[in-house]
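Participant: After the structure tokens below, expect a handful of questions from me.
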Amino acid sequence: MTLKVVYYLNQFFAQKGGEEMAHTPMEVVEGTVGVGSQVNTMLQDKAEITHTIICGDSYFNENESQCCHGLQEILTQLKPDLIIAGPAFNAGRYGMACGTVAKVAHEMGITTISGMYPENPGYELFRQYAYMVETGNSAASMRKAVPAMVKLINRYVETDGEVGSPEEAGYMPRGIRVNFFAEKRGSERAVDLLISKIGGQEFTTEYPMPVFDRVEPQPPVEMMSTAKIALVTSGGVVPKGNPDHIESSSASKYGEYSIRGLETLTEETHETAHGGYDPVACNQDPNRVLPVDVLRDMEREGVIGSLHDMFYTTVGNGTAVAKAKEYGAEIAMKLQKAGVTAAIFTST
């Protein structure tokens, strides 16, 4: 029996256009579009892509509830056996959309197969809802990503959905622990692992731990009265209208804006682009997230030497760790070049 498949694509991979078409509303078309045609050919007779769901990245992320409801209606009507989404590579908004599609499908009892770069926030947030193969950072790795996804789809079909472990099937870990009977009890396995580790032999832990960079704290500022202080935030505060279109989730950029001559921020001059918290309080008084008013008072009182003329802002909501490190390094270089003594980093 041939599996009925529905494919999810964003505006770019559906060949509708780039960022200028990112606000394309969700639609359904019969058959295959874009990369789906290649996947359908490679699947041969094991599965068939009958319909393609297309939605712009910005539209999906800015209208998530509406899109989820639309997905439920579409999937209820089409009744697919399997969903394919992506590959999303390291495109944050696309990854979040693919992950959300997988979650909606999972809640309806439908399996999703996708592909993402490990640093894509869509993987970390939604990996338990889909089988995701590892891809490269960009679409340049499409030639490797598509065959890897097709291989996993074929395995899914051949095993009747029992694909096996990540090591066996070639997908990234889902963070799901499964009970099974082992030949040795846990204490014996633990001792075996310890002996292998002490002996310098290769071993595979049964419970891998996440690895994070450790940032050593800097020494305190000795003379605050002469210090030049900068404001940096992941709370999404931007000039009114969000001139650089920083995304409300999975930000692909940061902003650099002047506060020279500003004594305070107001709801007429600034707002938040952040989609991960209630924006009302911040929009009423942006100083609650970016305290320009207090620092101006401290500047006049001589508590600090001066407030840097520029502030730096992005949205931390769902932003990839790799992207955050990239923004941090660039901002730090700019602050250093400007002679900034210390930065106050505000969140939400």
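Here the numbering used here runs 20 ahead of the position in the sequence shown, where the first position is 1. Beta carbons are placed, not taken as given, at the ideal position from N, Cα and C, and that holds for glycine. Just so you know, these numbers come straight off a predicted model, no measurement behind them.
1) Should Ser78 and Arg113 be called a contact, given that it needs their Cβ atoms to be closer than 9 angstroms?
2) Using 8 angstroms as the cut-off, can you tell me whether the segment 260–276 makes contact with the segment 334–344, which would need three or more C-beta pairs spanning the two stretches below that distance?
3) To test your reading of the DSSP string, which unbroken beta strand (DSSP E) runs of 3 or more residues are found completely within the segment 36–81?
4) Does the distance from the CB of Ile173 to the CB of Leu102 come in under 9 angstroms?
5) So, helix, strand or coil for Ala352, using DSSP?
6) Is the separation between the beta-carbon of Glu291 and that of Cys302 shorter than 9 angstroms?
7) Expressed to the nearest angstrom, what Euclidean distance is found between the alpha-carbon atoms of Val252 and Ala363?
8) Residues bridged to Thr154 by DSSP?
9) Which same chain residues end up closer than 6 angstroms to Met62 when comparing Cβ atoms and leaving out the 5 residues on each side of it in sequence?
10) When you compare the CB positions of Tyr151 and Thr120, do they come within less than 9 angstroms of one another, or not?
11) Express the C-alpha separation of Glu178 and Cys75 in angstroms, rounding to a whole number.
12) At what residues does the beta strand (DSSP E) containing Met244 begin and finish?
13) Pick out whichever of Asp305, Pro299, Asp313 and Gly261 has its Cα sitting closest to the Cα of Ile389.
14) Could you pull out every unbroken alpha helix (DSSP H) segment of at least 4 residues lying fully inside the segment 153–238, listed in chain order?
15) Is the distance from the Cβ of Ile69 to the Cβ of Glu47 below 9 angstroms?
16) For Val258, which three-state DSSP category applies?
17) Take Cys88 and list the residues in its own chain whose beta-carbon comes closer than 7 angstroms to its own, dropping the five residues that flank it on each side.
18) Counting only runs that start and end within the segment 298–339, where is the beta strand (DSSP E) found for 3 or more residues in a row?
19) Per DSSP, which residues does Glu291 bridge with? Please list them.
20) Can you have a look at Phe232 and say buried or exposed, based on whether 16 or more other CB atoms are within 10 angstroms of its CB?
21) Note down, in chain order, each residue of its chain lying with its Cβ closer than 7 angstroms to the Cβ of His294, except the 5 sequence neighbours on either side.
22) Whole beta strand (DSSP E) runs in the segment 90–136 with 3 or more residues, listed along the chain?
23) Going by the beta-carbon positions, is the gap between Glu276 and Met353 smaller than 9 angstroms?
24) Mind the definition here: the segment 134–141 touches the segment 339–347 only if three or more C-beta pairs lie below 8 angstroms; say whether that holds.
25) From this set, Gly129, Asn81 and Ala34, which residue's C-alpha is nearest Gly296's C-alpha?
26) May I ask you to report which of helix, strand or coil DSSP gives Leu29?
27) I'd like the span of the beta strand (DSSP E) that includes Tyr143, first residue to last.
28) Give the single residue among Phe146, Gly135, Glu182 and Leu95 whose Cα lies nearest to the Cα of Gly156.
29) How many angstroms separate the CA atom of Leu95 from the CA atom of Met318?
30) Roughly how many whole angstroms lie between the Cα atoms of Phe200 and Glu50?
31) I'd like the list of long-range same chain contacts for Tyr137, defined as Cβ closer than 7 angstroms, with 5 residues on each side in sequence excluded.
32) What number of angstroms, rounded off, separates the C-alpha of Thr246 from the C-alpha of Arg316?
33) Rank Gly348, Ile249, Thr286 and Ile104 by C-alpha distance to the C-alpha of Lys260 and give the top, closest one.
34) Considering Cα atoms alone, identify which of Gly115, Phe146 and Arg234 is closest to His126.
35) Using CA coordinates, which residue listed in Phe32, Ala349, Leu91 and Val241 is at the minimum distance from Val235?
36) Can you name the start and end residues of the beta strand (DSSP E) that Glu276 belongs to?
Facilitator: Considering the structure as presented:
1) In contact: Ser78 and Arg113 (Cβ atoms closer than 9 angstroms).
2) With three or more CB-CB distances shorter than 8 angstroms, the segment 260–276 counts as touching the segment 334–344.
3) DSSP runs (the beta strand (DSSP E)) wholly in the segment 36–81: 47–50 and 67–75.
4) Cβ atoms of Ile173 and Leu102: closer than 9 angstroms.
5) It is helical.
6) Going by C-beta atoms, Glu291 is nearer than 9 angstroms to Cys302.
7) The straight-line gap separating the alpha-carbon atoms of Val252 and Ala363 is approximately 7 angstroms.
8) Note that residue 154 is Glu in the sequence shown here, rather than Thr. In the DSSP output, where bridge partners are listed per residue, Glu154 has Met136.
9) The answer, listed in chain order, is Val170.
10) Thr120 sits away from Tyr151, with the two beta carbons spaced by 9 angstroms or more.
11) In this structure, the CA atom of Cys75 is about 31 angstroms from the CA atom of Glu178.
12) Secondary structure note for Met244: it is in no beta strand (DSSP E), with a DSSP letter that is neither H nor E.
13) In the structure as shown, the chain starts at 21 and stops at 368, and residue 389 therefore has no counterpart that could be examined.
14) If we require 4 residues or more, the alpha helix (DSSP H) runs fully inside the segment 153–238 come out as 162–178, 186–189 and 206–218.
15) Glu47 is positioned such that its CB atom lies no closer than 9 angstroms to that of Ile69.
16) Here Val258 sits in strand by DSSP.
17) Within the same chain, Cys88 has close Cβ partners Thr120 and Val124.
18) At a cut-off of 3 residues, the continuous stretches assigned as beta strand (DSSP E) that sit fully inside the segment 298–339 are 326–333.
19) By DSSP's assignment, Glu291 forms a beta bridge with Val258.
20) Answer is exposed; the Cβ neighbour count stays below 16.
21) Cβ within range, chain order: Gly255, Gly256, Ser268, Val335, Asn337 and Thr368.
22) 102–109 and 131–136, all fully within the segment 90–136.
23) No, they are not a contact pair.
24) A contact between stretches requires three or more CB pairs, one per stretch, nearer than 8 angstroms, and the segment 134–141 meets this requirement with the segment 339–347.
25) Looking at the Cα atoms, Asn81 is the closest of the given residues.
26) Residue state, collapsed to three classes: strand.
27) According to the DSSP assignment, Tyr143 belongs to no beta strand (DSSP E) but to the alpha helix (DSSP H) extending over Pro141 to Phe146.
28) Of the listed residues, the one whose Cα sits closest to Gly156 is Gly135.
29) C-alpha separation (whole angstroms): 57 angstroms.
30) C-alpha separation (whole angstroms): 42 angstroms.
31) Within its own chain, the residues whose Cβ lies closer than 7 angstroms to the Cβ of Tyr137, once the five positions on either side in sequence are excluded, are Phe109, Asn110, Thr155, Gly156 and Asn157, listed in chain order.
32) Going from the Cα of Thr246 to the Cα of Arg316 covers about 14 angstroms.
33) The shortest C-alpha separation from Lys260 is found at Thr286.
34) Nearest of Gly115, Phe146 and Arg234 to His126, Cα basis: Phe146.
35) Nearest option by C-alpha distance: Ala349.
36) For Glu276, the enclosing beta strand (DSSP E) stretches over residues Gly275 to Ser278.
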